[in-house]
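See below for the structure under consideration.
Protein chains: 2
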Amino acid sequence: MSTINFKIVLHTLGMLLLFNGAFMIFPVVASYYYNESITLELTFSLIVTVFSGLFMMFSTRKHDKNIAQREGYLIVTLGWLFMVLTGMLPYVFTKMIPEFSNAFFETMSGYTTTGASILNDIEVMPNSILLWRSLTHWIGGMGIIVLTVAILPLFGIGGMQLFNAEAPGPGADKLKPRIADTAKRLWLIYFIYTVIEAILLKIAGMGYFDAVNHALSTLSTGGFSTKNDSVAFWNDSPMIQYIIILFMFLAGTNFVMSYFAFKFDFKKIWQNEEFRWFLSFILVFSSLTTLVIFFKADLDLNSIPHPRVIGEFESSIRHSFFQVLAVVTTTGFVTSDFTLWTPFLTILFFGLFFLGGSAGSTSGGIKVVRHVILIKNGFQEFRRVLHPNAILPVRYKGKSVDQKIVFTIQGFFILYALSFIIGAVVLASTGLDFETAIGGAASSLGNVGPAFGKLSPVDNFSGLTNFGKLWCSFLMLLGRLELFTVLIIFSPYFWRNR
Amino acid sequence: MSTINFKIVLHTLGMLLLFNGAFMIFPVVASYYYNESITLELTFSLIVTVFSGLFMMFSTRKHDKNIAQREGYLIVTLGWLFMVLTGMLPYVFTKMIPEFSNAFFETMSGYTTTGASILNDIEVMPNSILLWRSLTHWIGGMGIIVLTVAILPLFGIGGMQLFNAEAPGPGADKLKPRIADTAKRLWLIYFIYTVIEAILLKIAGMGYFDAVNHALSTLSTGGFSTKNDSVAFWNDSPMIQYIIILFMFLAGTNFVMSYFAFKFDFKKIWQNEEFRWFLSFILVFSSLTTLVIFFKADLDLNSIPHPRVIGEFESSIRHSFFQVLAVVTTTGFVTSDFTLWTPFLTILFFGLFFLGGSAGSTSGGIKVVRHVILIKNGFQEFRRVLHPNAILPVRYKGKSVDQKIVFTIQGFFILYALSFIIGAVVLASTGLDFETAIGGAASSLGNVGPAFGKLSPVDNFSGLTNFGKLWCSFLMLLGRLELFTVLIIFSPYFWRNR
Ligand SMILES: [K+]
Ligand SMILES: [K+]
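Chains as they are written, first to last, in the working numbering: chain A, 79 to 576; chain B, 79 to 576.
Quick look at the structure:
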């Protein structure tokens, strides 16, 4: 390793800002269209972002083309940070979220697709601002697809090599074109899904604007809504909620599966082990929740109205599937306050905060594939104790998994647990009680959104101290970039030249 | 592997019952001495236990001497269970704890050195019953020493091979005599420490009876007290509490270190890496707690009186060191309700519930050595990501640790986390709130004793449902026997003959 090629890092970051600024055209147009009198401020945000990007690119135009691992890490982490620092400008310049910590939190929550908010009244916000909020999710989701396709498998972070093996594209020998090609295919699916969901939501009775925003929030597993009550606003429209249930499921599924589906290759989907596990987890936990809600819980204890449009049982099924999917896919939409159902479901959902969706989706959390490998390895561990000399590898998708990958996944899990407990301790030091601190840390790290206690699905993060908001923002970034990508920059080995 | 030699398993269990029955002489004598009118019932417990043991031994006297791994696991887990089933007889026969679930819980809490209680008023109990309670701790502590010296390292459970390497005794080639020899040496230290602590406590002002009971509870890191307020009863006698602080520290230290100390080989102690880490953890966390208590917390918010005998600062130091040691060594004695100090300290202590003392001590939890290996491996993981082709082993005590051992320790940690979350979910299903369910599971699994919420240091476990009590008892056993030893019996591989 030689010294880090900072010029190419800055150059790439400049390109990202250009891209970010380009997306700001949408809120500018929205503000103009809805006559919101903040068009000038939004245009100014766009100009500042684009010019910052141009300046960074121009000042580093003479750069060495050499790009290696360390530059990659810097680009990913700093990239997210620079997106946030410019992406918060529309909030700050329009004075809709004037304080730094609030605007930073809301924007980080956007790009990391967490969906936690500090807004006490979402519905008073101008449409242009709400659209930008949803767009930060959608841009973040695009970033995650690149991260999963290109960065994590290449660098071997947390066992994501397992994902790379199944991504579609030209032969494995042509690595670079393959990655670009795969990313493009998956982006296309992401885009098509968003359009279809928006159309379906409109047909089901949502307004155009709400339909677009919720589609942007669903596919990115983000969770920002245009309503104070989130999707519970449509508790009298089961069809709307079933559409969101379907698209949350798709957003939590490996996009490569959708690629197979578009090619009518359903056999490949069914043969995919992670998909089967993901589906099973959803079905098992949703059915269990349905039974508990139907027999034990009173949905009306919620502060949210729960009209039984089709009947008691349908209501139990719908809210169970909705909230299980919202938590497992880490979307974080709310139709009902799951922390008020029963003590058992509260802790069960707390456990689900650590599950996560599939690798190759936009969901956060630990991810199904890692859990499956760890569970299988756990069973093997018992056999290994009984037969110390036998070689007993973990089998996944019909193949033996290299012990090194299992080792890396174990390391990832432990680092996740450690980040969670340190995250909770630091949050508690800002004065949060036990349940709130633990829930807030799990939710931020897993990019879920709602949490427990004073950060329940019907509350928001506005009551945190400034430091608390920044700390949660850090946890969101940490979880979103799969821990290592962020933490490695803080390690002395990273900066050592040799 | 052939079929399991059940006869030798039963024979050994019979010997354990004989041993258990022999210890019942102490409560019998105590009852007679204190004129407690339950001497007959206690004698009956002794007779039933001894005769059960004799019957089991006699009916299996013609047994094959062959003993292998699977018999070892059965003996350990069933051994603890049989000790509990006979050890609860004194409570049941004297009708002091008449219900099965309560008596089972209290006895399991005793032998697993957990120290959680279902007794609402400890001080109304006859001395003989209180002595038996403390003795169950002490017997359990002896069992743990054998487990650590003989079973865990041999079977390679959770990386305990690392412990075996440092145990004193004859050359490694003579394995069997070495194990017996090591166990005897460590038992002797355990016994001597108990006697010394009892004498010191008496000198410091405790009554004879209380001194003996607290010495039995300290060295086993058990935590049963003879007072409703636990050691807080002596909050006006700092000297008593400092003595207990010292012996909690010794009980949480590898007894092999004490063996070196008795041989005046202090260099070996200082060179021991786990000892240095254990000491550092205690000092860091206690100092931090001292500062927070002194500047932020109000000790008088406790329901327990906190006379400032020597002054405010001394009080902060004493309660900090006492509670940090009580939790880290998993003794669980109480001088102050740490869940009422500050939100930060509540979560910090929750984290400490997972730390544990040293390997080769009587403490529960995950243990310092495992954390150290995992933390070191975590740092190496960053270097491995940056240098994928370099071989970067974990170094412990100046030597490279076999990757297999690190792998096993990772597996142990993950299984511990899984047991904890399932433990909490099941506890919540009995109706416990978030904080209580999570705290109760962590405390039971780590054999700590007090927990959080409605199971705080000033509460007890009597409010749990019968199922809740049995579930906590299971978690105690699971944690005490280092997970694998218990769970392996439930695995189908265990019962497969081949
Ligand atoms: K989310
Ligand atoms: K204990």
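Yeah, the Cβ is synthetic: ideal placement off N, Cα and C, and Gly gets one too.
Query: Contact residues within the stretch 436-456 of chain B, judged by C-beta distance below 7 Å to chain A; Result: L452, N455 and G456
Query: Nearest-angstrom beta carbon gap, A/F490 and A/G237 [assumed within contact, 8 Å]; Result: 7 Å
Query: Interface positions of the stretch 487-504 of chain B facing chain A (Cβ-Cβ less than 7 Å), listed along the chain; Result: Q488, G489, F491, I492, L493, A495, I499, A502 and V503
Query: Alpha-carbon spacing of A/P528 relative to A/G443, whole angstroms; Result: 14 Å
Query: Buried/exposed call for A/Q488, threshold 16 Cβ in 10 Å; Result: buried
Query: B/T508 CB to nearest heavy atom of ligand 2 below 7 Å; Result: no
Query: Cutoff 8 Å: B/D537 Cβ touching any chain A Cβ; Result: no
Query: For A/V472, the residue or residues it bridges with in DSSP; Result: A/V479
Query: Any 3 or more C-beta pairs closer than 8 Å across the stretch 358-371 of chain A and the stretch 335-350 of chain A; Result: no
Query: Separation of B/A375 from B/L418, as counted between CA atoms; Result: 8 Å
Query: Cβ-based burial, A/S358 [other Cβ within 10 Å; buried from 16]; Result: exposed
Query: B/P206 burial status per 10 Å Cβ neighbour count (16 or more: buried); Result: Looking at the sequence shown, residue 206 of chain B is not Pro but Ser. With 16 or more other Cβ atoms within 10 Å, it is buried.
Query: Cutoff 7 Å; reference A/E560; Cβ partners in own chain excluding five residues on either side; Result: L230, I235 and G236
Query: Beta carbon proximity, B/R139 to chain A, threshold 8 Å; Result: no
Query: Beta-carbon gap between A/E352 and A/V446 smaller than 8 Å; Result: yes
Query: Test item: CB-CB of B/H141 and B/H215 under 8 Å; Result: no
Query: Residue-level contact to chain A via CB, B/Y571, 8 Å cutoff; Result: yes
Query: Residue range of the unbroken alpha helix (DSSP H) whose run includes A/T296; Result: Y286 to L297
Query: Rounded distance between the beta-carbons of A/V564 and A/L553, thought under 8 Å; Result: 10 Å between Cβ atoms; not a contact.
Query: Where A/G249 sits in the DSSP three-state scheme; Result: At A/G249, the pLDDT of 46 sits below 50, so the modelled position is not reliable and the matter cannot be decided from this model.
Query: is_contact[B/F562, chain A] using C-beta, thresh 8 Å; Result: yes
Query: Among A/W158, A/L94 and A/S115, the one whose alpha carbon lies nearest that of A/F171; Result: A/S115
Query: Under 9 Å by beta carbon: chain B residues contacting A/F512; Result: T417, P421, T424, I425, F428, F512, E513, I516, G517, F530 and G531
Query: Bounding residues of the alpha helix (DSSP H) (the contiguous stretch that carries A/I522); Result: Rather than Ile, the amino acid found at residue 522 of chain A in this sequence is Ser. Note, A/S522: alpha helix (DSSP H), F512 to L523.
Query: Beta carbon of B/I566 nearer than 8 Å to that of A/F460; Result: yes
Query: Candidates B/A108, B/L132 and B/T407, of which the one nearest B/F97 by Cα; Result: B/L132
Query: Cβ of B/F363 within 8 Å of any chain A Cβ; Result: no
Query: Exposure of B/A146, with buried meaning 16 or more beta-carbon neighbours within 10 Å; Result: exposed
Query: Which of helix, strand or coil DSSP assigns to A/L197; Result: coil
Query: Inter-residue spacing [alpha-carbon to alpha-carbon] between B/Y151 and B/G218; Result: 17 Å
Query: Neighbour list for B/G234 in chain A, Cβ cutoff strictly below 7 Å; Result: V463 and P466
Query: CB contact flag (A/V479, A/P471, <8 Å); Result: yes
Query: Contacts that A/F460 makes with chain B (C-beta to C-beta distance below 8 Å); Result: F562, L565, I566, S569, Y571 and F572
Query: Below-8 Å beta-carbon distance, A/A146 vs any chain B residue; Result: no
Query: CA nearest to the CA of A/T543, picked from A/L533, A/K532 and A/G509; Result: A/G509
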